[in-house]
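Protein chains in written order, with this note's numbering: chain A, 3 to 552; chain B, 4 to 316; chain C, 3 to 328. Glycine is no exception: its CB is placed at the ideal position from the N, C-alpha and C atoms. The structure appears right after this line, and notes come after that.
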């Protein structure tokens with residue numbers, strides 16, 4: 003009994019002690035940066051999140067593959083999605099003899115990681131494999147290709163139509179080794195646990211909580227790879243990222259200065275370039291959203307700077323109505339657009355536009371001819387908290403004009419379904435960011451995607467349809483001349499600016515965090531050679547550009 | 004019940020009826036008053052009543068008490084505690100104290116309404132189930148068992164995902180759907196044991212209708228059990244609401260303690276060192292739930308003098 | 003025998019209903035698995051239109067009429083074939099569940115048993131020493147602690163003991179460099195990782211057992227046979243433990259059965275906060291990603307475990323307390 007009492011006393015003291023500790027630490031308690039980063043040439047990256055652990059799947063065609071699969075397999079060329087410039091990888095370059103043919107010069111002297119030589123036949127095999135198994139065609143290459151053949155050290159692609167942008171899609175296909183994959187029974191479900199690759203890294207160790215890649219010593223540009231080892235843990239909570247001294251992470255962190263940068267002021271940097279445009283996308287088949295004046299009214303009523311600040315804490319800029327990602331795509335901007343396409347809030351003009359659409363202010367309410375208050379329902383996805391915060395600001399800004407704004411927030415899957423089937427009044431959605439102006443505009447505006455309401459589509463959710471725009475897109479698709487491409491793109495920008503098929507609000511950021519403690523030459527605003535994201539093939543650009551810190 | 008919680012029957016499940024309790028015909032007001040006096044006589048319950056009272060008052064007078072509007076985001080982001088913001092501001096620039104005060108409304112509302120609704124369902128089903136025999140009884144038995152074995156939290160998540168976009172109403176509905184079965188089961192066992200009592204037999208012989216027997220003879224004898232299961236269901240509802248909102252399945256634009264936790268976690272309040280953002284709403288939820296459990300100590304004593312505090316055996 | 007048979011019949015009927023409900027529930031959710039997969043990809047930026055076709059082809063979205071799907075599903079359930087997970091494609095559901103189940107069973111199962119034993123003992127003590135600090139401390143403390151939201155306790159422990167003090171690992175079930183095996187080093191590592199989640203569950207569930215046991219115990223202590231035993235001059239401790247506690251524990255066994263059954267599905271929030279690779283986390287992932295096959299398998303396992311635990315308790319009860327058999 004006495005012992006028990008002693009124990010309880012001790013426990014009580016401990017409780018009091020902890021409470022006192024809490025009290026004295028006042029309201030701020032900072033997590034210390036405990037870990038010293040690895041200095042043995044290894045790079046700790048928060049790129050792949052387990053749920054909560056990893057399943058071993060390195061099938062480059064699978065959508066649930068391990069993220070670092072794309073650090074091992076290479077495509078023909080890698081496009082910097084920020085400005086559209088391509089860097090040759092397994093191809094040394096490509097030429098377009100005409101708008102229906104693309105010729106890729108395949109790199110020679112490249113070896114697969116098992117020592118077998120890489121040949122143009124592997125490229126041919128990969129594309130034919132994808133053709134034979136449509137489930138592998140995640141890039142949709144066979145929507146563009148008619149046939150392909152090996153000619154010497156080149157692979158010649160014959161396209162279905164005059165299709166210049168097709169090259170940017172063919173570029174992205176990851177190439178797999180024929181001598182391994184020809185024996186695979188079902189390439190869709192094969193997990194490819196021992197990947198044989200051409201890229202800068204090969205699989206080193208794998209556990210359910212962490213896997214590592216080591217440098218491929220026989221890599222064809224091994225001299226450019228400074229990283230000896232990549233470490234990818236399964237758990238990368240933001241606390242971990244800040245505390246454990248990561249070298250590279252992709253994360254939206256609240257108060258990045260006070261957290262990430264503060265953890266190591268000397269080395270920790272961040273860069274949030276625009277990776278897409280977040281828009282309000284009206285359903286153009288429904289009234290009053292099909293009235294351009296109404297859309298003008300909505301557009302003019304919004305203070306985009308404030309929305310951008312509230313949604314993304316001031317880390318991104320308000321987006322203009324040009325459909326381009328600025329400043330990266332500045333070269334494509336139509337110089338005639340006022341204020342680079344950015345629409346400023348103008349309540350008087352907004353009221354005038356609404357009046358043209360048949361809505362007038364009566365007291366503190368915006369009403370239609372019959373006197374009913376204008377009520378709009380904005381669709382967004384549950385859990386996209388930054389969008390939600392932006393929308394709350396939209397709600398109050400439109401509310402100030404007397405418009406009743408309701409938010410509808412289904413789960414992401416239901417949201418996607420509603421978008422796809424056109425079951426919404428006006429939806430928050432993003433577009434762009436592929437690096438190709440044609441792809442961005444085409445997915446957004448081509449009437450080919452404007453399926454009837456109730457049938458699923460994969461782009462142009464607002465069902466915009468304009469034969470003139472379709473013609474412009476076809477011209478752009480067939481054009482091999484950059485000056486001409488820019489001229490056509492300028493006309494499309496004018497369409498976006500004047501007809502408002504979508505109302506651009508702000509840029510979706512690419513939340514890149516990096517530390518130059520162990521490695522330098524990370525992409526940055528001044529040196530935007532690659533986007534900072536950790537998925538897809540663009541990390542190859544980063545991994546072949548990093549330098550060891552001195 | 005935070006659905007993951009171990010299911011504990013209200014203590015009254017095993018209660019034996021004491022003979023003096025067949026007060027079926029007494030004046031309801033006096034019964035209520037006596038019940039309150041019994042509860043109040045228990046010190047723990049007294050504390051509970053006081054705590055609950057404070058929360059209810061805060062909820063009712065939130066607009067008067069809160070220094071700012073709950074959704075006013077015009078302040079600095081993630082500010083520390085200061086004279087202007089006693090508990091600091093959120094990552095979106097809202098005053099934490101004001102949110103905390105307004106948040107009481109949602110929790111108290113959900114606790115009260117969901118607790119009441121599930122208790123009503125539990126009483127209706129539990130009592131008729133306890134009284135009925137034969138096929139009808141088996142059918143109810145089957146339905147209740149089904150609701151008892153289906154995992155509550157996953158079921159809630161699925162329902163919440165299905166009834167997308169609902170706010171508080173949806174949460175109440177989800178909590179009621181998943182929360183009534185346990186109470187029904189407890190009430191049924193009590194009804195069964197009461198059914199064989201002399202006063203019920205007497206009522207049957209005097210030709211009273213079954214519904215009258217159930218609701219006029221048996222029901223009043225289960226006051227404490229029903230009040231107990233109301234507070235139990237309320238506690239469960241408050242915790243479930245917090246859990247669902249924390250997972251982001253509610254309407255995240257409502258200001259409640261659950262959404263405060265959701266946003267705190269979402270904006271990594273721990274990382275910016277603002278652990279108060281996480282600590283305060285959770286503490287309020289715990290205190291509100293505790294107040295109800297404390298009151299239940301008094302409720303236990305209502306029909307069972309043995310459990311009355313201070314009443315040494 | 004009749005008692006057991008009727009219980010078995012009810013068990014089978016409930017099982018069928020639960021299985022059917024499992025079939026229906028996921029299908030009630032809006033959006034298809036492909037929509038969910040695309041929504042997930044879209045968080046990294048806009049998804050190219052052609053990706054959708056590939057994803058639908060990969061997942062092999064359910065075909066046939068609802069009735070055919072139902073029959074197929076029943077057939078598969080009987081053969082314990084739950085197909086391939088959508089989220090972790092091409093991983094089979096069975097292998098995912100097999101990896102996750104032991105973690106939850108060991109962690110939550112163990113903690114539930116410890117909480118039951120410990121809480122019951124404290125409850126006995128509280129009732130026996132009624133009114134003393136041995137009563138007040140556990141009752142009030144237990145009441146308060148069991149009112150903590152699970153995830154909140156978890157977050158606080160995680161932050162203060164994991165991050166600020168740095169005493170315990172903050173995530174996962176074992177170190178990132180370790181590979182699961184049965185070596186002492188690995189078991190110690192796993193044990194170390196389980197301390198915070200285990201403490202969370204213990205803190206929040208202990209109070210219930212204390213209160214439950216205390217009140218039944220107080221009831222029994224007033225029963226005639228206990229008074230009789232005391233009057234016969236038996237030592238109070240003997241009376242408390244040999245007579246009162248033994249009888250008082252019966253009703254709590256029911257709750258214990260339910261709690262054990264609830265182990266499998268009960269730790270979703272805790273597992274989520276601690277990134278614990280158990281069934282709860284898996285279920286969360288499945289629901290969020292509209293992973294029908296995985297969701298159905300997990301629902302089924304959870305339902306069966308609750309049913310079985312209930313069934314066993316019912317049978318046990320029938321043996322321990324003949325009155326219930328009627």
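Closer than 7 angstroms at the beta carbon, the chain C residues around residue i
i: residue 57/A; result: 90 and 93
i: residue 278/B; result: 161
i: residue 160/B; result: 289
Environment of residue i [buried if 16+ CB atoms lie within 10 Å]
i: residue 314/C; result: exposed
i: residue 374/A; result: exposed
i: residue 350/A; result: exposed
i: residue 521/A; result: buried
i: residue 74/C; result: exposed
i: residue 10/C; result: exposed
i: residue 321/C; result: exposed
i: residue 48/B; result: buried
i: residue 24/C; result: buried
Where the beta strand (DSSP E) through residue i begins and ends
i: residue 510/A; result: 505-511
i: residue 88/A; result: 88-90
i: residue 364/A; result: 362-364
Residue of the options minimising C-alpha distance to residue i
i: residue 202/C; options: 56/C, 216/C, 52/C and 270/C; result: 270/C
i: residue 200/C; options: 112/C, 187/C and 236/C; result: 112/C
i: residue 514/A; options: 275/A, 505/A and 309/A; result: 275/A
i: residue 286/B; options: 150/C, 91/C, 8/C and 260/C; result: 150/C
i: residue 253/C; options: 222/C, 238/C, 21/C and 134/C; result: 222/C
i: residue 261/C; options: 309/C, 162/C and 30/C; result: 309/C
i: residue 142/B; options: 12/C, 283/C, 281/C and 297/C; result: 12/C
i: residue 108/B; options: 184/B, 66/B and 144/B; result: 66/B
i: residue 247/B; options: 73/B, 235/B, 266/B and 233/B; result: 266/B
Chain C contact residues for residue i, given Cβ-Cβ distances below 9 angstroms
i: residue 266/B; result: Those do not exist, as residue 266/B stays about 13 angstroms from chain C at its closest Cβ, beyond 9 angstroms.
i: residue 288/B; result: 149, 150, 151 and 154
Contacts that residue i makes with chain A (C-beta to C-beta distance below 9 angstroms)
i: residue 43/C; result: 65
i: residue 287/C; result: 53 and 54
Per-residue contacts from residue i into chain B (C-beta, under 8 angstroms)
i: residue 116/C; result: Chain B residues near residue 116/C: none, gap ~12 angstroms exceeds 8 angstroms.
Limits of the unbroken alpha helix (DSSP H) element including residue i
i: residue 469/A; result: 469-480
i: residue 206/C; result: 186-223
i: residue 171/B; result: 171-198
Under 7 angstroms from the C-beta of residue i: neighbouring residues of chain A
i: residue 292/C; result: 415
i: residue 79/B; result: Residues of chain A passing the Cβ test: none, with the nearest at roughly 11 angstroms.
Partners in chain C for residue i, counting only beta-carbon separations shorter than 8 angstroms
i: residue 50/A; result: In chain order: nothing, as chain C lies at least about 12 angstroms away.
i: residue 136/A; result: 55, 56 and 59
Listed by chain order, chain B residues near residue i by CB distance under 9 angstroms
i: residue 312/C; result: 148, 151 and 152
i: residue 394/A; result: 74, 76, 95 and 256
Can we say the segment 472-489 of chain A touches the segment 162-178 of chain A, given the rule of at least three CB pairs closer than 8 angstroms?
-> yes
Pair every Cβ in the segment 186-196 of chain B with every Cβ in the segment 228-237 of chain B, then say whether three or more of these pairs are closer than 8 angstroms.
-> yes
Sufficient close CB pairs (3 or more, under 8 angstroms) joining the segment 173-181 of chain C to the segment 229-237 of chain A | yes
Do the segment 123-131 of chain C and the segment 163-171 of chain C touch if we need at least three Cβ pairs shorter than 8 angstroms?
-> no
How about the segment 243-253 of chain C and the segment 219-235 of chain C: do they share at least three Cβ pairs that are nearer than 8 angstroms?
-> yes
Taking 8 angstroms as the threshold, find out whether the segment 129-146 of chain A comes into contact with the segment 451-470 of chain A through three or more Cβ pairs.
-> no
Check whether the segment 407-417 of chain A touches the segment 302-314 of chain A, taking contact to mean three or more Cβ pairs, one atom from each stretch, closer than 8 angstroms.
-> no
The segment 534-548 of chain A / the segment 322-332 of chain A touching (three or more Cβ pairs under 8 angstroms) = no
At least 3 beta-carbon pairs within less than 8 angstroms: the segment 128-148 of chain B vs the segment 214-227 of chain B | yes
Flag this pair as touching only if the segment 98-113 of chain B and the segment 205-223 of chain B have three or more C-beta atom pairs under 8 angstroms; answer yes or no.
-> no
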